[in-house]
Every structure is written in C-alpha cells, then in structure tokens.
Amino acid sequence: MFPVLFHIGPLTIHTYGLMVASGMLAGIFLAEYLNKKQGGDPGRIVDLSLIVILSGLLGARTLFIIINLSYYQAHPLEVFMVWKGGLVFYGGLIGGLLGLLAAIRIYRMPLWRTLDIAAPGLTLGHALGRVGCFSAGCGYGRPTDLPWAVIFTNPRSLATGVLNIPVHPTQLYSTLALLLLTVFLVWKTSRRRFDGQVAALYIIIYCIFRFSVEFLRADPRGGADIMGLFLSTSQIVSLVLLPLGLLFYFLRSRTVERD
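Counting from 63, one number per residue, gives the positions in the sequence shown under the working numbering.
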C-alpha cells in the first residue's frame, strides 16, 4: 500500500523496515515484561535479544534467497537489500531459535521458562512485521471478490503480479491471528501447567494457521508437489514442525506428571 513512508534527503524510510524494527522492539519489551513478572533477572531478555535478532534475520533472509536462488544469482547485489522485503518467517524462526539456545547457554538461563517468555514476544513482533509486509506488498493474496478485498495500486509495491486487482489481505489475516495468539499466550504464561507449555502451544497453533493461510496466498515462494497437491515451502515446514510441537507438548507434560 505504502512501500515508502517518507524521504530525509537521500535517505528513504521504507515502511517494511520500520515495522519490522518496531516489531522487534515491541517483542523485546513484552518478553522483558513477562520475564520480570515471572521473577527473572531484570534486563536479561534485552541481553539475549541482539543475538536472537541477528541470527533470526540471517535465517529469514537466507531461506528467502534459497527459495529465489535463480533471481539472486542474476542480481547478486540485491541479496543485501533487505529493506525491499524478502524475509521468510520460518527461516527467521529457525535461525532465531538457534541463536536463542546459544544465548540461553551463554547466560545460563532456564531453557523451558525462557522459551515460554520468548513466544508471546515473538508473535507480537511478527504481527507488526506483517503490517510492514502489507505496506510493501509482499506475501499478497489470491484474487477475490469478498467485500474486504484490498487493491494494491502503488507501482513500487512488491505485489506486481496483482496490481489493481482485488485480492485477499493475507498479511492482515496474519496480523489479526498473531495478535490474538499473543493475547492467548500472555494469558497462558501465568497459568501454564509446566515450563515449555506456552512455547509448544505457539508452535502447534501457528503451524496450523500458517498451513491454512498459505492456500490464500498468490506470491511466488517456492514449494513442491506432494501426493498431487502443491505445497509452499512454509506449508512443508509447518507439516514438519507441527508433529514436533505435539511431541514436545506430550513429552514435557509427561515429565511433569512423573515428577
């Protein structure tokens, strides 16, 4: 909708980059708030955040480049133009998780409790990031005649394949779902039966939603035919992570029951 917010001399402020940065700050603030509420060391989440953000961005960008490898082989300098869009969430989740596990080990924090605290911050940051995606036009939906359809008209939009055509606002579907998930996870954090429950619920619920909403997207994002059905890269990752989330939930709950 509005890929560029404004210009300051030669500097261009892109909506996508601003919303991603805002999401990071909001996620850190929420996680730090939950950390203090749970009796954790003040400021410790902020210490973890730099490692998690850098590893998450690296993972998100790397997976996007892999999916669109032929394009970046022809335009290698655009590998570094992150402000134009081009981050795959699951790549960021995997990269960020690896960074978080490393940071937890470095700072000697409780693993499962820290994952529970991080999950609501992640969903809040992701929700704001999707607003940036909507502004840039990435992750656009399929054509539709529903009354809430949106039309991308800006020639600088990344929704080049559907300009001036009513489409599903899939980015806003994600924003709404992630905000609702954030509220639920925050509520559950103080009511969890075992450490790790909130993180497991996040994986389970998000994978189900992401697998579903991908059917409404029209942007090129890679994938494969599986048993005669084309699945996007994110749907394939969802199918891998969902049973892992269920297994994680089951094993953690059994551990608590035995204790």
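Even glycine gets a Cβ: it sits at the ideal position worked out from N, Cα and C.
Quick check on the DSSP output: the beta strand (DSSP E) that includes residue 293 runs from which residue to which? 291-294 is the span of the beta strand (DSSP E), which, as asked, contains residue 293.
Environment of residue 181 [buried if 16+ CB atoms lie within 10 Å]: buried
Buried or exposed: residue 295, going by 16 or more other Cβ atoms within 10 Å of its Cβ? Buried.
Kindly list the residues whose CB is nearer than 7 Å to the CB of residue 184, restricted to its own chain and excluding five residues on each side of it in sequence; keep chain order. Within its own chain, the residues whose Cβ lies closer than 7 Å to the Cβ of residue 184, once the five positions on either side in sequence are excluded, are 89, listed in chain order.
Among 204, 115 and 138, whose alpha-carbon lies nearest the alpha-carbon of residue 228? 204
Using the Cβ count rule (16 or more neighbours within 10 Å means buried), how would you classify residue 309? exposed
With a cut-off of 8 Å, do at least 3 Cβ pairs link the stretch 214-224 to the stretch 162-174? no
In terms of residues, what are the limits of the beta strand (DSSP E) holding residue 69? 66-70
What is the DSSP secondary structure of residue 208, counted as helix, strand or coil? coil
Checking the sheet assignment: what are the DSSP bridge partners for residue 76? The bridge partners DSSP lists for residue 76 are 66.
Rank 115, 116, 143 and 114 by C-alpha distance to the C-alpha of residue 127 and give the top, closest one. 143
What residue ranges within the stretch 184-258 form continuous alpha helix (DSSP H) runs of no fewer than 4 residues, ordered along the chain? With a minimum length of 4 residues, the continuous alpha helix (DSSP H) runs that stay inside the stretch 184-258 are 232-251.
Who pairs with residue 285 in a beta bridge, going by DSSP? 294
Alpha-carbon to alpha-carbon, residue 137 and residue 254: 48 Å
What residue from 132, 175, 140 and 83 has the CA that sits closest to residue 103's CA? 175
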